[in-house]
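Numbering (the working numbering), first residue to last: 17 to 123.
Cβ coordinates follow ideal geometry from the N, Cα and C atoms, glycine included.
Let me begin by presenting the structure, written as C-alpha cells, before commenting on it.
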C-alpha cells in the first residue's frame with residue numbers, strides 16, 4: 017500500500033506546530049517595541065484630550081495639569097519603547113496612567 021499511515025500524518029502535523037511555535041527573537045522584540053510605541057502614543061493623545069476638555073470647565077488647575085503630566089509620561093514611554101526599552105516604557109506608562117487617575121480623583 018502506498019498511502020501514509022495515521023501515525024506518520026500525526027508526526028508531520030506535530031512537527032509543523034512545533035516549528036511555528038518557535039519565533040524569531042528579533043521579531044518578538046520588534047513587536048514589543050511597536051506595541052510600546054502604539055500604547056504610549058495612544059495614552060498620550062487621550063491624556064492631552066482629557067486635559068484640554070478639563071481645562072475649559074475645571075475650577076482648579078490641578079486637574080488639567082495632572083492629565084497633561086500623565087500624557088507627558090506616556091509620551092516619554094513611547095519614546096523609550098521605540099528605542100527598545102520596553103520594560104521601562106511599560107512602567108512609565110503605568111506611572112502616567114496613575115497620574116491621570118489621580119487627576120480624575122481630584123475632579
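Please state the DSSP three-state secondary structure of residue i.
i	result
residue 40	coil
residue 11	Because the chain here runs from 17 to 123, residue 11 falls outside it and cannot be looked at.
residue 101	coil
residue 120	helix
Report yes if the C-beta distance between residue i and residue j is below 8 Å; otherwise report no.
i	j	result
residue 100	residue 45	yes
residue 108	residue 89	yes
residue 83	residue 70	yes
residue 116	residue 73	no
residue 119	residue 93	no
residue 80	residue 67	yes
Assuming residue i and residue j form a contact by the criterion Cβ under 8 Å, report the distance between their Cβ atoms to the nearest whole angstrom.
i	j	result
residue 55	residue 102	Actually they are not in contact, since the Cβ atoms of residue 55 and residue 102 sit about 10 Å apart, beyond 8 Å.
Applying the criterion that 16 or more other CB atoms from any shown protein chain within 10 Å of the CB defines a buried residue, is residue i buried or exposed?
i	result
residue 96	buried
residue 59	buried
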